[in-house]
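Engineer:
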Amino acid sequence: MKKTLIYSLSLAIFLLVGCRDESLNPNKPWEPGVHGWGVFDGVAEAAKANIAANAKTFPLTGQDASKIDFKIRWVSLDNQLTVNKIVIKVDMIESYTDPDGNPKTVSLGSGGKVVKTIDAPAGNRQWNAFSITPAEIYNLYKDATVKYDKVNAVKVFDNPARPRPAGARLQGAKTGAAADAFVVTWELTTSTGLVFKTWNEDSICLDPTPVSQANANCRLNFIVK
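So this is what it looks like as structure tokens:
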């Protein structure tokens, strides 16, 4: 009787485990992924100073001759994927005060517009250099509009309430309005066709680890100053 009971239990366990449909298992195995590490070029890496907000800025004057230099690299921790294209986007953030006296900010690019494309970037953990100029941002957003009065759409660069200074398309902080602000983000396309453009905020975007070859982030912020 005891042997029969043991056999029955063993058979039941085999049927439960051996015939399990793995496609229904909610605990899927980890898949390979890639992330990016973008920095302001020419800023020391100590304590990640090279990614600090406004580590570099556009100048208030002489914008036609100015630019900000960046570097970016893609990182595959397990070497399972290869990135063959990096798309750089830039979003422009407009600040203003609404008719009720409330400070407002609005994304003019709904998350960003493509400003650069790096085809066939350097290999895993290798730097790729690029730059962004005020003229490039102006050309991306020259037709962008905001309903400052909540009703009428007005072109940002033609806003009579905040006239742009001669020779400077982008504006610094003024009474009642913050400086023009910008957010640089990136999308990574792999040779397998996978596209990575969003990452975990805590572990990737705000990577808490010390400076290393494996570092990650999701964006860089800068202003006119």
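Note that UniProt numbering numbers the sequence shown so that position 43 is 43, with each residue one more than the last. Positions of the beta carbon are idealized from the N, C-alpha and C atoms, including for glycine. Computed from a predicted structure; not experimentally measured.
Determine the closest residue to Lys-197 out of Tyr-96, Ala-153, Thr-185, with distance taken between C-alpha atoms.
Structural biologist: Thr-185
Engineer: Reducing DSSP to helix, strand and coil, say where Leu-188 ends up.
Structural biologist: strand
Engineer: I believe Ser-107 touches Asp-119 by the beta-carbon criterion, under 8 Å. Please report the beta-carbon distance rounded to the nearest angstrom.
Structural biologist: Approximately 27 Å separates the beta-carbon atoms of Ser-107 and Asp-119; this is outside 8 Å, ruling out the contact.
Engineer: When you compare each of Pro-59, Ala-44, Thr-192, Pro-165 to Thr-82 by their alpha carbons, which one comes out closest?
Structural biologist: Nearest Cα to Thr-82 within the set Pro-59, Ala-44, Thr-192, Pro-165: Thr-192.
Engineer: When DSSP builds the beta bridges, which residues end up paired with residue 227?
Structural biologist: Because the chain spans 1 through 225 in this model, residue 227 falls outside it and cannot be assessed.
Engineer: Is Tyr-96 helix, strand or coil by DSSP?
Structural biologist: strand
Engineer: Here's a check: name, in chain order, each residue in its chain whose Cβ is nearer than 6 Å to the Cβ of Lys-71, leaving out the five neighbours to either side.
Structural biologist: Val-39, Asp-41, Trp-127, Ala-129
Engineer: At a cut of 8 Å, does the region 54-63 reach the region 159-173 through at least three beta carbon pairs?
Structural biologist: yes
Engineer: Just the Cα atoms here: how many angstroms apart are Ala-178 and Ala-216?
Structural biologist: 29 Å
Engineer: Output the boundary residues of the beta strand (DSSP E) element that contains Gly-36.
Structural biologist: Where Gly-36 is concerned, the enclosing beta strand (DSSP E) stretches over 35-40.
Engineer: Please report the distance separating the alpha-carbon of Val-75 from that of Ile-132.
Structural biologist: Spanning the two alpha carbons is a distance of roughly 23 Å.
Engineer: Leaving out five residues on either side along the sequence, give the residues of the same chain with a beta carbon under 8 Å from the beta carbon of Ala-153.
Structural biologist: Thr-145, Val-146, Lys-147, listed in sequence order.
Engineer: Do Asp-149 and Pro-99 have their C-beta atoms closer together than 8 Å?
Structural biologist: Cβ atoms of Asp-149 and Pro-99: closer than 8 Å.
Engineer: Measuring CB to CB, does Pro-32 end up less than 8 Å from Gln-80?
Structural biologist: In this structure, Pro-32 sits near Gln-80, with a CB-CB distance shorter than 8 Å.
Engineer: Pick helix, strand or coil for Ala-179, following the three-state DSSP scheme.
Structural biologist: coil
Engineer: Considering only the alpha carbon of each residue, which of Ala-214, Thr-105, Leu-220 lies closest to Ala-49?
Structural biologist: Per the Cα distances, Leu-220.
Engineer: In three-state DSSP terms, what is Asn-50?
Structural biologist: Looking at Asn-50 - three-state DSSP - the assignment turns out to be helix.
Engineer: Cutting at 6 Å between CB atoms, please list the residues of its own chain near Val-43, excluding the five before and the five after it.
Structural biologist: Ala-49, Asn-50, Ala-55
Engineer: Classify Leu-15 as buried or exposed, calling it buried when 16 or more other Cβ atoms lie within 10 Å of its own Cβ.
Structural biologist: Its pLDDT being 48, under 50, Leu-15 is placed unreliably by the model, and the measurement read from it follows with that caveat. Exposed, since its Cβ has fewer than 16 Cβ neighbours within 10 Å.
Engineer: What does Ile-118 pair with, by DSSP beta-bridge criteria?
Structural biologist: Ile-86
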